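Engineer: Take UniProt numbering: the final residue in the sequence shown is number 272, and no numbers are missing along the way.
Each residue gets a CB set at the ideal place from its N, CA and C atoms; glycine is no exception.
Since the model is a prediction, treat every value here as computed from it, not as a measurement.
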Amino acid sequence: MASLLIQAALVVFAYFMIFFLVAQIIKNNSIVDIGWGPGFVVVTIYAWMASESFTMRGTVVMMLVVVWGIRLAYHIVRRNIGKPEDFRYANWRNEWGKWVVPRAFFQVFMLQGFFMMVVAYPVLLVQASIRDGFGIVEILGLTVWLIGFYFEYVGDRQLREFKKRPKNKGKIIQHGLWRYTRHPNYFGEATMWWGLWIMAIPVEWGWTGIISPLVITWLLLFVSGVPMLEKNIKVTQNLKPMRRKPMLFSLVPQRKAINVLKRYWITFCAYS
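1) Using three-state DSSP, classify residue 132 as helix, strand or coil.
2) With a 10 Å radius around its C-beta and 16 neighbouring C-beta atoms as the bar for buried, classify residue 122 as buried or exposed.
3) Between the alpha carbons of residue 192 and residue 105, how many angstroms are there, rounded?
4) When the Cβ atoms of the segment 89-96 are set against those of the segment 17-30, are three or more pairs found closer than 8 Å?
5) Buried or exposed: where does residue 57 fall if 16 or more other Cβ atoms within 10 Å of its Cβ makes it buried?
6) Between which residues of its own chain and residue 5 is the CB-CB distance below 7 Å, once the five residues before and five after are set aside?
7) Considering only C-alpha positions, which residue in the set 10, 220, 41, 177 is nearest to residue 190?
8) Alpha carbon to alpha carbon, how far is residue 136 from residue 154?
9) Starting from the C-beta of residue 273, find all residues in its chain whose C-beta is less than 7 Å away, skip the five residues before and the five after it, and write them out in chain order.
10) Taking 7 Å as the limit between beta carbons, can you name the residues of its chain near residue 9, skipping five residues before and five after?
11) How close, in whole Å, do the beta carbons of residue 127 and residue 51 come, if the pair is a contact with beta carbons under 8 Å?
12) In this structure, does DSSP put residue 180 in helix, strand or coil?
13) Under the rule that 16 or more other beta-carbon atoms within 10 Å means buried, what is residue 175, buried or exposed?
14) Nearest CA to the CA of residue 141: which residue from 171, 109, 195, 115?
15) What's the gap between the Cα of residue 165 and the Cα of residue 88?
16) Mind checking residue 40: buried by the 16 CB within 10 Å criterion, or exposed?
17) Hey, residue 159 and residue 173: beta-carbon distance below 7 Å or not?
18) If you check the beta carbons only, do residue 129 and residue 203 fall under 7 Å apart?
19) Please report how far the alpha carbon of residue 112 lies from the alpha carbon of residue 36, in whole angstroms.
20) Report the three-state DSSP secondary structure of residue 204 (helix, strand or coil).
21) Helix, strand or coil for residue 185 per DSSP?
22) By alpha-carbon positions, which one of 178, 198, 63 ends up nearest to residue 211?
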């Protein structure tokens, strides 16, 4: 396991080094966001091949990470293409001044690489294990992952369609999944990693992988997700409608929320 972790860390370092060099050439550090999802795909496929165990659990987990990572990258590329550097990175560029290159290297690219290793930890545990099987625990984890994927996919699609309409400029989305949570896409992101950790529980030291969903939930709630996004919204829009809803999702779903989920699940299946 230690050997695989070291190899994975080297892969992640090389991966983000490439993104860092490209960012310096095009003067746009926000490309690191595009690299987040595919980075997990690269390190997971590498670990899956390097372990040579090819268990059913490991293969399923690898496929889930690939689906999530590619979809996320496509979504971010589609959203950012043709646009200037994201406001977060542009603000940092102005704040850092002449130190922008070294600080971007450590505080943007290498820091993301560090968090990628932490979040990918249960996935690497699964790939390193030769213990095969796919039982109740794995099915539970897969179910949780599917719920998360649904929220992220549908939430992103609803927001994209909302922003397409000129009449919605300056407004905050209040329909669909966004009626019940301020950030259904972030809720889905966190939920998927809880699902992957559950799938890792049966392997050796699998329980230690709980650090992954804890860290990604913490990042989304208190660091790079909700705080940064809502800080930007606060400057231009009224946040009062958003404040009435939970940051991610209500702990006790109401019947109305359950009914709308059923409706969107039918819609999701129709689009698939």
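Structural biologist: So, from the data block:
1) By one-based count along the sequence shown, residue 132 stands at place 132. Residue 132 falls in the coil class under three-state DSSP.
2) Along the sequence shown, read from residue 1 onward, the residue named residue 122 stands at position 122. Buried, because 16 or more other Cβ atoms sit within 10 Å of the Cβ of residue 122.
3) In the sequence shown, counting from the first residue as 1, residue 192 sits at position 192. In the sequence shown, counting from the first residue as 1, residue 105 sits at position 105. Near 28 Å, if we compare the C-alpha coordinates of residue 105 and residue 192.
4) Yes, the segment 89-96 is in contact with the segment 17-30.
5) Locating residue 57 in the sequence shown gives position 57, counting from the first residue. Buried is the call here.
6) Mapped onto the sequence shown, residue 5 falls at position 5. 124, listed in sequence order.
7) Counted from its first residue, the sequence shown places residue 190 at position 190. With distances taken between Cα atoms, residue 190 lies closest to 220.
8) Translated into positions along the sequence shown, residue 136 becomes position 136. Translated into positions along the sequence shown, residue 154 becomes position 154. Roughly 27 Å separates the two Cα atoms.
9) Shown here, the chain extends from 1 to 272; a query on residue 273 therefore has no answer.
10) Along the sequence shown, one-based indexing puts residue 9 at 9. Around residue 9, the same chain offers 117 as residues with beta carbons nearer than 7 Å, after the five sequence neighbours per side are excluded.
11) Taking the first residue of the sequence shown as position 1, residue 127 is located at position 127. Taking the first residue of the sequence shown as position 1, residue 51 is located at position 51. Between residue 51 and residue 127 the Cβ distance is about 5 Å, and since that is below 8 Å, they are a contact.
12) Taking the first residue of the sequence shown as position 1, residue 180 is located at position 180. Coil, per DSSP.
13) Walking along the sequence shown from the start, residue 175 turns up at place 175. Result: exposed.
14) Mapped onto the sequence shown, residue 141 falls at position 141. Answer by Cα proximity: 195.
15) Within the sequence shown, numbered from 1, the residue matching residue 165 stands at position 165. Within the sequence shown, numbered from 1, the residue matching residue 88 stands at position 88. So the two alpha carbons sit approximately 25 Å from each other.
16) As a first step, residue 40 must be located in the sequence shown, where it is residue number 40. Flag for residue 40 reads buried.
17) As a first step, residue 159 is located in the sequence shown; it is residue number 159 there, counting from the start. As a first step, residue 173 is located in the sequence shown; it is residue number 173 there, counting from the start. Contact: yes.
18) Along the sequence shown, one-based indexing puts residue 129 at 129. Along the sequence shown, one-based indexing puts residue 203 at 203. Closer than 7 Å, so yes.
19) As a first step, residue 112 is located in the sequence shown; it is residue number 112 there, counting from the start. As a first step, residue 36 is located in the sequence shown; it is residue number 36 there, counting from the start. Distance between the alpha carbons of residue 112 and residue 36: 8 Å.
20) What you label residue 204 is simply residue 204 of the sequence shown in a count that begins at 1. Of the three classes helix, strand and coil, the one that applies to residue 204 here is coil, per DSSP.
21) Reading the sequence shown from its first residue, position 185 is the one you call residue 185. Here residue 185 sits in helix by DSSP.
22) As a position in the sequence shown, residue 211 is number 211, starting the count at 1. Checked all of 178, 198, 63; the closest Cα to residue 211 is 198.
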